[in-house]
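Read through the structure below, which is laid out as structure tokens, and then see the notes.
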Amino acid sequence: MRLFVRACVCASLMFAAFGGPAAAQTPVLPILDHIHLNVPDPAKGVEWYQKNFGGTPMTEAPDRLMLGDTRLIFLRNDKGQPSTGSALDHIGFSFADLDAKMKELEANGVKVVTPVRDVAGLFKLGFVEDPWGTRIEVVQDPDKLGLHHVHLRGPDPAAVLAWYKEKFGGEVGKLKGRIDGVTYGGVWILAQRGDAVPSEGHAVDHIGWRTANLTAKIAELKAQGVKITTEPRPLRLASGTTVNYSYLEGPVGAKIEMVQR
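Numbering-wise (my numbering), the sequence shown opens with residue -1 and increments by one.
Printed below as a string of structure tokens:
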């Protein structure tokens, strides 16, 4: 995150040009609909995250938790690669007392990658990792507890954030007045400077947004030159509910799902 703070000093003027209202387009709900993680056993993924980060199981399917307005969904994949260095580098959670939370995580056997440190003008933060390679930033931000952010990666952070704002709306802002980002239902989408590989097959496989008209939204994105990797199609969930979904490619190969529920 420290590298990104420095990068944003140069990028903020470019990104500011995208701070105004988005052009008329097929509406996207102003939330981050879901984050999809690759794990060998979805049931164990649900158990581990609920124990360490909370969330509510969902009746629509047993492979997911609800975190505020966002679903955390687990996809069965025995060969997922670590998220670090991919276009979807890591996810973040916020706690009122980070020191106490980190002690709890350590007691639970969670792998600590970076101990807690206090970043002046920002907040306390540290990094842990789940058993399947998802890098997780833990922060102490009283303004936003729970699921806090998704941190993207790319050679031009301002252009990455501008793309998400243009395609999916959201609110442009600065986290603690320092870090450029776009919020969806209070969850921050941030970006850091660096080379990245496509996210598919990594621990954080993809992220998703929701629209009331998937066919129209995908047609609109196609017209804007966005690469659609899976055309709209139905998916029947364990509960019997049917959703329609499509996949597309975001900046630096970030895999993105659009759904209509």
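No residue lacks a Cβ here, since even glycine has one placed at the ideal position from N, Cα and C. From a predicted model like this one, the values you see are computed outputs, not experimental measurements.
message: Can you give me the C-alpha to C-alpha distance between Gln138 and Ala94, rounded to a whole angstrom?
response: Within the sequence shown, numbered from 1, the residue matching residue 138 stands at position 140. Within the sequence shown, numbered from 1, the residue matching residue 94 stands at position 96. Those two C-alpha atoms are separated by around 6 Å.
- prompt: Between the Cα of Trp186 and the Cα atoms of Ile205, Glu198, Asp193 and His200, which residue gives the shortest distance?
  reply: Here residue 186 refers to the residue found at position 188 of the sequence shown. Of the listed residues, the one whose Cα sits closest to Trp186 is Ile205.
- request: Just tell me which of Leu150, Glu198, Leu143 and Ala194 has its CA closest to the CA of Asp178.
  value: Numbered from its first residue, the sequence shown carries residue 178 at position 180. Of Leu150, Glu198, Leu143 and Ala194, the residue nearest in Cα terms is Leu150.
message: If I measure Cβ to Cβ from Glu127 and keep anything under 7 Å in the same chain, skipping five residues before and after, which residues do I get?
response: In the sequence shown, the residue the question calls residue 127 occupies position 129. Answer for Glu127: Lys109, Val111, Arg133 and Ile134, listed in chain order.
Nearest neighbour of Gly53, chosen from Gly168, His32 and Pro38 [CA to CA]: For the purposes of this step, residue 53 is taken as residue 55 along the sequence shown, with counting starting at 1. Closest option to Gly53, Cα to Cα, is His32.
DSSP three-state assignment for Thr213, whether helix, strand or coil: In the sequence shown, the residue the question calls residue 213 occupies position 215. Reduced to three states, the DSSP call for Thr213 is helix.
field: When Ala59, Leu63, Ile29 and Tyr162 are compared against Glu45, the one with the closest alpha-carbon
entry: The count along the sequence shown starts at 1 and reaches residue 45 at position 47. Selected option, being the one with the closest Cα: Leu63.
message: Just to confirm the assignment: which complete beta strand (DSSP E) runs, minimum length 3, are found wholly within the region 83 to 108?
response: Runs of beta strand (DSSP E) with 3 or more residues, each lying fully within the region 83 to 108, are found at 86 to 92, listed in chain order.
Coil, strand or helix - Val148 by DSSP: Looking up residue 148 in the sequence shown gives position 150. Strand at Val148.
- prompt: Pick from Ser244, Lys220 and Leu86: whose alpha carbon is nearest that of Leu188?
  reply: Position 190 of the sequence shown, counted from the first residue, corresponds to residue 188. If we check each option's Cα against that of Leu188, Leu86 comes out closest.
message: By alpha-carbon positions, which one of Asn50, Leu233, Glu255 and Leu103 ends up nearest to Ser197?
response: Taking the sequence shown and counting its residues from 1, one reaches residue 197 at position 199. Considering only alpha carbons, the answer is Glu255.
- prompt: Span of the beta strand (DSSP E) holding Arg122?
  reply: Position 124 of the sequence shown, counting from 1, holds the residue named residue 122. Residue identity check: residue 122 is Lys in the sequence provided, not Arg. Note, Lys122: beta strand (DSSP E), Lys122 to Glu127.
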